[in-house]
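*Asks:* Count the sequence shown with our numbering and you get residues 659 to 977, in order. We put the CB at the ideal spot given by N, CA and C, even for glycine. These numbers come from a predicted model, not from an experiment.
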Amino acid sequence: MSAPPPHLSLAPMEGVVDWIMRDTLTRLGGIDQCTTEFIRVTQYLHSEIVFRKFCPELRMNSRTPAGTPVFVQLLGGQPEPLARNAERAARMGAAGIDLNFGCPAKTVNRHDGGASLLKCPDRVLQIVKAVRAAVPATTPVTVKIRLGFDDPNACFDNALAAEEGGASSLTVHCRTRTDGYKPPAHWEWMPKIREKVKLPLVANGEIWNRADLERCREVSGCDRFMIGRGAIANPFVFQDLRGWRPAQAPLWTDVKPLIPGFFAACTDHINDHFATSRTKQWLRALSTKNQEAKELFDGVKTYRKPREFQSELERRLLS
Ligand SMILES: Cc1cc2nc3c(=O)[nH]c(=O)nc-3n(C[C@H](O)[C@H](O)[C@H](O)COP(=O)(O)O)c2cc1C
Numbered sequence: 659m660s661a662p663p664p665h666l667s668l669a670p671m672e673g674v675v676d677w678i679m680r681d682t683l684t685r686l687g688g689i690d691q692c693t694t695e696f697i698r699v700t701q702y703l704h705s706e707i708v709f710r711k712f713c714p715e716l717r718m719n720s721r722t723p724a725g726t727p728v729f730v731q732l733l734g735g736q737p738e739p740l741a742r743n744a745e746r747a748a749r750m751g752a753a754g755i756d757l758n759f760g761c762p763a764k765t766v767n768r769h770d771g772g773a774s775l776l777k778c779p780d781r782v783l784q785i786v787k788a789v790r791a792a793v794p795a796t797t798p799v800t801v802k803i804r805l806g807f808d809d810p811n812a813c814f815d816n817a818l819a820a821e822e823g824g825a826s827s828l829t830v831h832c833r834t835r836t837d838g839y840k841p842p843a844h845w846e847w848m849p850k851i852r853e854k855v856k857l858p859l860v861a862n863g864e865i866w867n868r869a870d871l872e873r874c875r876e877v878s879g880c881d882r883f884m885i886g887r888g889a890i891a892n893p894f895v896f897q898d899l900r901g902w903r904p905a906q907a908p909l910w911t912d913v914k915p916l917i918p919g920f921f922a923a924c925t926d927h928i929n930d931h932f933a934t935s936r937t938k939q940w941l942r943a944l945s946t947k948n949q950e951a952k953e954l955f956d957g958v959k960t961y962r963k964p965r966e967f968q969s970e971l972e973r974r975l976l977s
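Below, the structure written as structure tokens:
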């Protein structure tokens with residue numbers, strides 16, 4: 659019997675996966691769910707403007723124009739403010755609330771948020787519980803963790819905390835904070851976590867292509883996966899993972915037409931400086947998997963003025 663189709667989500671990535679990137683990628687198909695970049699919560703209740711800035715899709719029933727649900731991700735250390743902010747996001751129509759306990763950034767960890775909370779599973783429990791109680795039962799509350807701060811064994815107590823708090827699913831970036839982004843991702847912890855909890859598990863980390871997905875499925879025993887950098891390096895990765903694209907399909911031919919539209923959307927909705935830096939960022943990521951993208955990136959990366967960047971970009975894309 660063949661394996662059921664996987665549930666595939668696009669990972670939250672601060673400074674990379676904003677609504678323009680979500681729109682660009684979800685139009686290509688194959689993505690079941692997205693999550694916003696994290697919204698930092700201290701003691702205050704964010705205004706609706708802040709939620710709409712991170713998640714303009716809230717105006718569209720919390721879906722991208724292609725119809726993919728978008729969860730709002732919150733990051734913080736205090737149950738009560740997180741609950742109040744979650745309640746507001748849910749009232750504004752968020753498809754779900756995702757709680758970030760994986761962020762490795764030093765400033766975030768110093769200020770009591772992200773992966774540092776993995777050292778205190780009881781605090782994870784209190785946060786999940788408070789958020790779960792604050793939003794309607796119809797709004798899923800999901801949790802994203804790393805294996806631990808420095809000790810991967812922390813994943814067990816944190817998974818139990820997520821489950822006891824009432825989380826609908828648990829995504830595990832299969833590395834500790836200390837591991838950073840150093841390959842490999844340790845998918846082998848997922849079956850051990852499954853021995854402790856019943857909630858659905860989502861495997862995350864180092865899925866770049868179909869072979870990785872198959873290995874991850876085998877090792878982790880999961881049928882839900884989250885993909886981050888692999889989707890930026892190859893926007894068609896979700897189609898590849900689902901076996902929708904022939905293995906030899908020429909990637910650059912399909913990616914090239916996306917770039918002018920991405921630059922234009924960034925210009926229209928933010929400004930041309932933003933468009934220039936985000937397009938360079940994307941080309942750099944595309945370069946890691948594609949020689950033509952690398953040539954384009956090398957040809958345009960030194961152009962700093964948006965007008966000059968754009969005209970060189972267009973010239974090279976047309977040639
Ligand atoms: C630039 C960047 C920004 C990220 N921002 C977030 C974030 O806002 N929230 C979050 O939970 N994880 C964030 N992550 C972690 C990713 O969601 C994901 O867990 C990680 O990249 C591993 O998956 P991958 O190997 O498929 O990229 C970020 C990762 C990167 C590289």
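How far does the alpha helix (DSSP H) with residue 875 in it reach, from first residue to last?
*Replies:* Note, residue 875: alpha helix (DSSP H), 868–878.
*Asks:* At what residues does the beta strand (DSSP E) containing residue 861 begin and finish?
*Replies:* It spans 859–862 - the beta strand (DSSP E) in which residue 861 sits, taken as one unbroken run.
*Asks:* Are the Cβ atoms of residue 915 and residue 934 separated by less than 8 Å?
*Replies:* No.
*Asks:* Do you know offhand how far residue 969's Cα is from residue 962's?
*Replies:* So the two alpha carbons sit approximately 12 Å from each other.
*Asks:* Using 8 Å as the threshold, is the region 761–772 in touch with the region 718–729, meaning 3 or more CB pairs across them?
*Replies:* The region 761–772 vs the region 718–729: no contact.
*Asks:* Rounding to the nearest angstrom, what Cα-Cα distance links residue 930 and residue 819 in this structure?
*Replies:* Looking at the two C-alpha atoms, the distance is approximately 44 Å.
*Asks:* Just to confirm the assignment, what range does the alpha helix (DSSP H) spanning residue 854 have?
*Replies:* Neither: residue 854 is in no alpha helix (DSSP H) and is coded neither H nor E.
*Asks:* Given a threshold of 16 other Cβ atoms within 10 Å of its Cβ, counted over all protein chains shown, does residue 811 qualify as buried or as exposed?
*Replies:* It is exposed - the Cβ of residue 811 has fewer than 16 other Cβ atoms within 10 Å.
*Asks:* Buried or exposed: which applies to residue 734, given that a residue is buried once 16 or more other Cβ atoms fall within 10 Å of its Cβ?
*Replies:* Residue 734 is buried by the Cβ-count criterion.
*Asks:* Relative to the C-alpha of residue 923, which residue among 664, 677 and 826 is closest?
*Replies:* Of the listed residues, the one whose Cα sits closest to residue 923 is 677.
*Asks:* Beta-carbon within less than 6 Å of residue 835's beta-carbon, same chain only, minus the 5 sequence neighbours each way: which residues are those?
*Replies:* If we look at residue 835 and ignore the five residues flanking it on each side, its Cβ neighbours are 762, 773, 804 and 807.
*Asks:* Straight-line CA distance for residue 840 to residue 833?
*Replies:* Roughly 8 Å between the two C-alpha positions.
*Asks:* When the Cα of residue 665 is compared with those of 771, 928, 829 and 731, which residue comes out closest?
*Replies:* Ranking 771, 928, 829 and 731 by Cα distance to residue 665 puts 829 first.
*Asks:* CB of residue 838 to nearest heavy atom of ligand 1: below 7 Å?
*Replies:* It does not: the Cβ of residue 838 is nowhere closer than 7 Å to a heavy atom of ligand 1.
*Asks:* Check whether the region 897–905 touches the region 866–878, taking contact to mean three or more Cβ pairs, one atom from each stretch, closer than 8 Å.
*Replies:* Enough Cβ pairs lie closer than 8 Å, so yes.
*Asks:* Identify which residue in 799, 947 and 902 has its Cα closest to the Cα of residue 642.
*Replies:* Since the first residue shown for the chain is 659 and the last is 977, residue 642 is missing from the structure and cannot be characterised.
*Asks:* How about residue 880: is its Cβ closer than 7 Å to a heavy atom in ligand 1?
*Replies:* No, ligand 1 has no heavy atom inside 7 Å of this Cβ.
*Asks:* Starting from residue 805, trace the beta strand (DSSP E) in both directions and tell me its first and last residue.
*Replies:* Its beta strand (DSSP E) spans residues 799–806.
*Asks:* Is residue 671 closer than 8 Å to residue 888 when the C-beta atoms are compared?
*Replies:* Cβ atoms of residue 888 and residue 671: not closer than 8 Å.
*Asks:* Let me check understanding here. Comparing Cα to Cα, which of 796, 732, 856 and 797 lies closest to residue 817?
*Replies:* That would be 856, whose Cα lies nearest to the Cα of residue 817.
*Asks:* Excluding the 5 residues flanking residue 878 on each side, which residues of the same chain have their C-beta closer than 6 Å to its C-beta?
*Replies:* For residue 878, where only same-chain residues beyond five positions count, the Cβ hits under 6 Å are 845, 848 and 861.
*Asks:* In three-state terms, what does DSSP make of residue 813?
*Replies:* Residue state, collapsed to three classes: helix.
*Asks:* Along the chain, where does the alpha helix (DSSP H) that runs through residue 767 open and close?
*Replies:* From DSSP, the alpha helix (DSSP H) with residue 767 extends over 764–768.
*Asks:* Assign residue 704 to one of two classes, buried (16 or more other C-beta atoms within 10 Å of its C-beta) or exposed (fewer than that).
*Replies:* Buried is the call here.
*Asks:* Should the region 944–961 be called in touch with the region 683–690, which here means at least 3 C-beta pairs below 8 Å?
*Replies:* No, because fewer than three Cβ pairs between the region 944–961 and the region 683–690 fall closer than 8 Å, the two stretches do not touch.
*Asks:* Residue 737: beta carbon under 7 Å from a heavy atom of ligand 1?
*Replies:* Residue 737 Cβ: outside cutoff for every heavy atom of ligand 1.
*Asks:* How would you write the range of the alpha helix (DSSP H) that residue 696 sits in, first residue to last?
*Replies:* Run containing residue 696: none; DSSP gives neither H nor E here.
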